[in-house]
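Written out as structure tokens, the structure reads:
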């Protein structure tokens, strides 16, 4: 079986599939003929598509920028089977995608939940072939994330606070106290404050939300981020971050950092890590402060080509 199926090539970009055992994984390379070291961008969710990270393609004027969508997500093949949706599978898939695309030396940007499998992948090879790593609002400790979410909920208006606090106690009876509409409204209030502060949300983010693979999300997280019961609930890799012996940039939005200085805590665990906080952003600085974010990442990558 051929490793790659190329669907189209045009205007300096290439789109196709990496053919893996369990299905085809979609990829797109922007700036395929540019000279810089490639950057592979890894979406979170879990279960998102790459769409919400599209602004990072602006970096392709200097280097190839590779997007791919994990199996079950976006343009990749759909398949069910909850036993596959875990950190080990997605880490193995990431390694195979890098190998198939011949990314022997590369930069990596992992957003949010992508860090759960990208960091172990990098550590497993002693950082070989990785020129630098950007951890964008990473999930590195589920306990810490849960604490941050509780802190965020505590700052909401009383009605939203009551609904989300009750729905986060894992009791089926308490969740049923509120209608789906009430829960959705409360969740929207929280997300507009601490997830993405642009109003209205950009089309690229809405597309990722619309294409969310709910089975993957439910398996790894739970029914919502306020009810963390999935297989990531005990995830914590902070004690291994000292093994990241490459240049690392950690980025956070100020509206997520203010709860417990999570970005400061994570970066303190990584030797020589650079931490940048975007003052007018929450979980999506690459959308909320797009030009500042692109310039920050561009400067960091160029320094470590």
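Residue numbers (the working numbering): 1 to 305.
Glycine residues also receive a C-beta, built at the ideal position from the N, C-alpha and C atoms.
Residue 228 carries a coil assignment under DSSP once its states are collapsed to helix, strand and coil. The alpha-carbon separation between residue 243 and residue 135 amounts to approximately 15 Å. Inclusion of residue 89 and residue 205 in the CB contact set at 7 Å is not warranted, their separation being larger than that value. Below 8 Å, too few C-beta pairs join the segment 235-242 and the segment 92-99 to call them touching: fewer than three. Comparing alpha-carbon positions, the option among 216, 118, 56 and 291 lying closest to residue 83 turns out to be 216.
Exposed is the label assigned to residue 79, since fewer than 16 other Cβ atoms lie within 10 Å of its Cβ. Excluding residues up to 5 positions away in sequence, 142, 146, 221 and 222 lie with their Cβ nearer than 7 Å to the Cβ of residue 228 in the same chain.
Unbroken beta strand (DSSP E) stretches of 3 residues or longer found wholly inside the segment 221-295: 248-253 and 274-278, given in chain order. The way I'd put it, the segment 57-76 does touch the segment 11-30; three or more beta-carbon pairs between them come closer than 8 Å.
Residues of the same chain with a CB within less than 7 Å of the CB of residue 232, apart from the 5 flanking positions on each side, are 116, 142, 220 and 221 in chain order. In the assembly as shown, residue 285 is a buried residue. Its beta-carbon has 16 or more other beta-carbons within 10 Å. Shown here for residue 159: same chain residues with a beta carbon closer than 8 Å to its own, the five before and five after excluded, namely 186 in chain order. Exclusion of the five residues before and after residue 149 leaves 225 and 226 as the residues of its chain whose Cβ lies within less than 7 Å of its Cβ.
Judged by DSSP secondary structure, residue 140 falls outside any alpha helix (DSSP H); it is assigned neither H nor E. The three-state secondary structure of residue 86, taken from DSSP, is coil. If you check the CB distance, residue 77 and residue 31 do not come in under 7 Å. A residue is called buried when at least 16 other Cβ atoms come within 10 angstroms of its Cβ; residue 7 does not meet this threshold and is exposed. Listed in chain order, the alpha helix (DSSP H) runs fully inside the segment 53-116 are 87-100, counting runs of at least 4 residues. In this structure residue 301 touches residue 39 by the C-beta definition: roughly 6 Å separates them, less than 8 Å. A direct Cα-to-Cα measurement between residue 18 and residue 75 gives close to 12 Å. Residue 107 and residue 37 do touch by the CB rule: their CB atoms are close to 6 Å apart, below 8 Å. For residue 8, the secondary structure class from DSSP, reduced to helix, strand or coil, is strand.
The C-alpha of residue 50 is placed about 16 Å away from the C-alpha of residue 93. Taking 7 Å as the cut-off, the beta carbon of residue 266 is found closer than this to the beta carbon of residue 140.
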